[in-house]
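First comes the structure, then the notes that go with it.
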Amino acid sequence: MKSQIIIVQENGIAKPHFCCGHCGKVIEDASEANFVWNPDKPDETMVICKAYACEETQERNQGGRCWMDLDTAWFYLKSNSKIEEKRVREKAKALASIGA
Ligand SMILES: [Zn+2]
334 MKSQIIIVQE
344 NGIAKPHFCC
354 GHCGKVIEDA
364 SEANFVWNPD
374 KPDETMVICK
384 AYACEETQER
394 NQGGRCWMDL
404 DTAWFYLKSN
414 SKIEEKRVRE
424 KAKALASIGA
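The sequence shown begins at 334 in the working numbering and counts up one residue at a time.
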């Protein structure tokens, strides 16, 4: 499986993005992608875009998996990782100011 997270350089700043595990499309809006997993194979968790071809390929190759909208999955990841939005925004702002 190819990487599900890529780094996009914007104005000299490295910004991580999810990308589709099938077509490689950069996910710029979480509502355009799903988080897909198999409870019996947690190492096969992936993000796929909602393009018909990618969803159909996923169903054909890996039917019986569990699905969740990426924005919902992000909510759980954020909560379960104790990510505080205010703290993250401050860190991102600081990185942007130094061009990291
Ligand atoms: Zn795709």
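Even glycine gets a Cβ: it sits at the ideal position worked out from N, Cα and C.
The structure displayed is predicted, hence computed values, not measured ones.
Cα-Cα separation, residue i to residue j
| i | j | result |
| --- | --- | --- |
| P375 | Q337 | 15 Å |
| H350 | C399 | 22 Å |
| V380 | E423 | 27 Å |
| I340 | A347 | 6 Å |
| R420 | D373 | 35 Å |
| A386 | R393 | 10 Å |
| A406 | E418 | 16 Å |
| E389 | C352 | 17 Å |
| Q413 | A425 | It should be noted that the sequence gives Asn, not Gln, for residue 413. Distance between the alpha carbons of N413 and A425: 20 Å. |
Neighbour-count burial assignment, residue i, 16 or more Cβ in a 10 Å radius
| i | result |
| --- | --- |
| C356 | exposed |
| F408 | exposed |
| N367 | buried |
| G354 | buried |
| Q391 | buried |
9 Å Cβ cutoff met for residue i and residue j
| i | j | result |
| --- | --- | --- |
| E377 | W370 | yes |
| S430 | D404 | no |
| A384 | K358 | yes |
For this session: Go through the residues and name those whose CB comes closer than 6 Å to any heavy atom of ligand 1, in chain order.
Result: C353, H355, C356, K358, I381, C382, A384, C387
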